[in-house]
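Asks: So the number in the working numbering is just where the residue sits in the sequence shown, counting from 1, plus 1199. Using N, Cα and C, we set each Cβ at its ideal position, and we do this for glycine too. All values derive from a computational prediction rather than experimental measurement.
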Amino acid sequence: MENQETILKLVGMEERESKAGRKYHSFQTSEGQMSCFESSVVDELRKRIGKQVKVIVAEKNGFRNIREFKGDVEIKPGEAPQQAIAPVVENKFTEARKEKNVSMFISYAKDLLVAGKVDNMATACMQIMQAKQIFEKNL
């Protein structure tokens, strides 16, 4: 769980109850829906609906919880509101694509072996790699 300091605008609030029966508050913010379980934080935020505030937000399993109230944010006329600085997320698409390709190639090689088209797995792998190279050259 990563705690992140952010600035957001509080749009609205409603009291809710969890499946376990615990009461909590849900805040509609400029960054979407966020929950808050700490009553002292809820009391401070309730007074500031419609205003910009600085808070600590924790995100876990897709849920975003306001953990701490850090203070009001004053916006001077003509000044653009500050946006939260998003953490840099590493793009792992290429790595994931390579892993998926390896899995597919192994599956194709097994298919050749099971179908009796080749005598061993090494030969099947070589044929799959040759087919891959031919497709890459022609595309």
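With DSSP collapsed to three states, give me the class of K1208.
Replies: Three-state result, K1208: strand.
Asks: Identify whether F1292 lies in helix, strand or coil by the three-state DSSP scheme.
Replies: Reduced to three states, the DSSP call for F1292 is helix.
Asks: Please list, in chain order, all residues of the same chain as I1327 whose beta carbon is under 8 Å from its beta carbon, the five residues on each side excluded.
Replies: Excluding sequence neighbours, I1327 sits near F1304, Y1307, A1308 and L1311.
Asks: Compare the C-beta of S1225 against all C-beta atoms of chain B and say whether one is closer than 8 Å.
Replies: No chain B appears in this structure, which consists of one protein chain only.
Asks: Within the chosen definition, does the stretch 1255 to 1265 reach the stretch 1214 to 1222 through at least 3 CB pairs nearer than 8 Å?
Replies: The answer is no - the stretch 1214 to 1222 does not touch the stretch 1255 to 1265, with fewer than three Cβ pairs under 8 Å.
Asks: When burial is assigned at 16 or more other CB atoms within 10 Å of the CB, is I1333 buried or exposed?
Replies: I1333 comes out exposed.
Asks: May I have the straight-line CA-CA distance separating A1257 from N1300, to the nearest angstrom?
Replies: Approximately 35 Å between the Cα atoms of the pair.
Asks: Considering only residues of the same chain and omitting the five flanking positions on each side of K1316, which have a CB-CB separation below 6 Å?
Replies: Once the five neighbours on either side are set aside, K1316 has no close Cβ partner at all.
Asks: Between the beta-carbon of E1204 and the beta-carbon of K1253, is there less than 8 Å?
Replies: For E1204 and K1253, yes; Cβs fall inside 8 Å.
Asks: Using a Cβ-Cβ cutoff of less than 6 Å, which residues in the same chain neighbour K1331 once the five nearest sequence positions on both sides are dropped?
Replies: Within the same chain, K1331 has no close Cβ partners at all.
Asks: Quick check on the burial criterion: 16 or more other C-beta atoms within 10 angstroms. Buried or exposed for F1292?
Replies: With fewer than 16 other Cβ atoms within 10 Å, it is exposed.
Asks: Which residue marks the beginning of the alpha helix (DSSP H) containing S1239, and which one marks its end?
Replies: Start and end: S1238 to R1245.
Asks: I'd like the list of long-range same chain contacts for M1233, defined as Cβ closer than 6 Å, with 5 residues on each side in sequence excluded.
Replies: So the list reads F1226, R1263 and I1265, once near-sequence residues are dropped.
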